[in-house]
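See below for the structure under consideration.
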């Protein structure tokens, strides 16, 4: 009986710490948002469910995935093929019989783009191996907590059964991946998300009008004719962009909408209209929904900022997101992927700085997921199964980390720099003022020295009660001296990548979550 009472007490305290059921919203206390920044700043842009999740997955897949079957990797733009295939300046001759540009590749595979335009690629779309249930099962094995499709990329093709555009996956492919994925993802207890990239369509298909001989009957795909230099979409473009967004929101009710770049170039009115509508829909659904953006599309007070293939080199508030991919965004034959070790290290570094990771999965053209990608996700999931307590539901600790390996300043696309973390690189996360984690980024030697916890720095206000290694029952020996906290490396490690040590302190307030996330160690 005492044990039951103690457990109930902890549950109540945990609810106080993280808020009540963050999947729901009390409608009586939620305002109806208006189309102005002052009203929208009242939103909870980063609800607890989102901050707790830490790791999500989306998939770049569509007609353009098939454009490079049988092609050597790293020679052409894949997701941008609908733009690059038309560009006159890239029409360089073949070398040794092999194409050296998107234009030459397209001409060799399909024919001249003036006759066999991008719509010809759409007409070839064959998603015969897509299995939403298998996708969802893999996402669960990976440890992801939210997932969904790239609903519409730059090519203006809807990966759902759209009534607002004939260029959709039901008309060309005979499937509704959004509906199928929503069903399977939510059945597994994950949140459903979708990403949208079609703000850039105006620029993406501009070369098609100059070089491609687009027929007027197909302007609903390529947009109305405009010059390469035009940065100002016409009224029809805004009307179509919003019709697609509104339809998707109403039909599929995603709990996270992620935007790619160029939305910042659209009118303020269009952005305000979207935000107010979507956040009000969240109230109607009794859910806390999230919007993620790039560049300067929205203020950080109303949505979650995203860094493509990058992350800040210091902690940042409010919470933020990294979108990254283990390799190319879309399918590439013989693609080269990051290792699970690299992705785990990136995830740990992101979480220690108050961020989340959105990882891309590039399916094969037919909708199956490459075996190498499956293995990578399963390896990540195995690591999270052991070390997830140091990731999920955590908040930044007093400092984010220490060690010699640092990112360059900036944040956007910093993954182009090769970063290899060492066993002297350490990151911290916390669950409460009593419980925090020391994550060693590589296999430790005989001992681990956490310099930040030296007696002369005095980061801790409470004595250490115990230290344990997640996934291990081995007793961990440690001492605190002038060097810092010195942990003896265990004889056996439970995982192959980063290793998380759980530290419990004497005397704590369980409802004290968070900390000074602006603090850091140089």
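Residue numbers (this note's numbering): 134 to 655. Virtual Cβ for every residue (Gly too), placed ideally from N, Cα, C.
Subject >> residue 616 versus residue 557: straight-line alpha-carbon distance, rounded >> reply: 13 Å
Subject >> Buried or exposed by the 16-neighbour rule on C-beta atoms within 10 Å, applied to residue 487 >> reply: buried
**OP:** Can you have a look at residue 518 and say buried or exposed, based on whether 16 or more other CB atoms are within 10 angstroms of its CB?
**Re:** exposed
Original post:
Is any beta-carbon of chain D found at less than 7 Å from that of residue 414?
Top reply: In the displayed structure, chain D is absent; only one protein chain is listed.
Subject >> Pick from 586, 176, 291 that is closest to residue 308, judged by C-alpha positions >> reply: Between residue 308 and the set 586, 176, 291, the nearest pair of CA atoms involves 291.
**OP:** Along the alpha helix (DSSP H) that carries residue 114, what are the first and last residues, could you check?
**Re:** Any property of residue 114 remains undetermined from this structure, which presents the chain solely from 134 to 655.
Original post:
So what does DSSP say about residue 457, is it helix, strand or coil?
Top reply: strand
**OP:** Could you round the C-beta distance between residue 305 and residue 256 to whole angstroms and report it? I think they count as a contact, below 8 Å.
**Re:** 6 Å
**OP:** Look up residue 284 in the DSSP assignment and say whether it is helix, strand or coil.
**Re:** strand
**OP:** Indicate the three-state DSSP secondary structure (helix, strand or coil) for residue 622 in the structure shown.
**Re:** Three-state result, residue 622: coil.
**OP:** Return the CA-CA distance between residue 242 and residue 440, expressed in angstroms with no decimal places.
**Re:** 35 Å
Original post:
How about residue 330 and residue 373: do their beta carbons lie closer than 7 Å?
Top reply: no
Original post:
Residue range of the alpha helix (DSSP H) that residue 275 falls in?
Top reply: 265-275
Subject >> Alpha-carbon to alpha-carbon, residue 181 and residue 595 >> reply: 27 Å
Original post:
With C-beta atoms as the reference, is residue 422 less than 7 Å away from residue 388?
Top reply: The answer is yes: Cβ separation under 7 Å.
Subject >> Three-way DSSP call (helix, strand, coil) for residue 353 in this model >> reply: helix
**OP:** From the DSSP output, read off the bridge partner residues of residue 635.
**Re:** 570, 601
Original post:
Can you list the alpha helix (DSSP H) stretches of 4 or more residues lying completely in the region 364-414, in chain order?
Top reply: 368-385
Original post:
Below 8 Å, can you find three or more Cβ-Cβ pairs linking the region 408-427 to the region 331-338?
Top reply: With a cut-off of 8 Å on Cβ pairs, the region 408-427 is not in contact with the region 331-338, counting fewer than three such pairs.
Subject >> Selection from 314, 259, 244 that minimises the alpha carbon distance to residue 273 >> reply: 314
Original post:
For residue 491, which of helix, strand or coil comes out of DSSP?
Top reply: It is a strand residue.
Subject >> Unbroken alpha helix (DSSP H) run spanning residue 215, endpoints >> reply: 214-217
**OP:** Taking only the alpha-carbon atoms, compute the straight-line gap between residue 575 and residue 189 and give it to the nearest angstrom.
**Re:** 24 Å
Subject >> Beta-carbon proximity of residue 195 to residue 286, cut-off 7 Å >> reply: yes
**OP:** Take residue 428 and list the residues in its own chain whose beta-carbon comes closer than 6 Å to its own, dropping the five residues that flank it on each side.
**Re:** 394, 397
Original post:
Going by beta carbon distance, what residues of the same chain come within less than 7 Å of residue 351, once the five residues before and after it are set aside?
Top reply: 252
Original post:
How big is the Cα-Cα spacing for residue 635 and residue 532?
Top reply: 16 Å
**OP:** Enumerate in chain order the residues of its own chain whose CB-to-CB distance from residue 703 is below 6 Å, with the five nearest sequence positions on each side excluded.
**Re:** Residue 703 cannot be examined here, being either before or after the span of the chain that is shown, 134 to 655.
Original post:
Hey, how far is the Cα of residue 713 from the Cα of residue 445?
Top reply: Residue 713 is absent from the model: the chain starts at 134 and stops at 655.
Original post:
Can you name the start and end residues of the beta strand (DSSP E) that residue 614 belongs to?
Top reply: Per DSSP, the unbroken beta strand (DSSP E) holding residue 614 starts and ends at 611-614.
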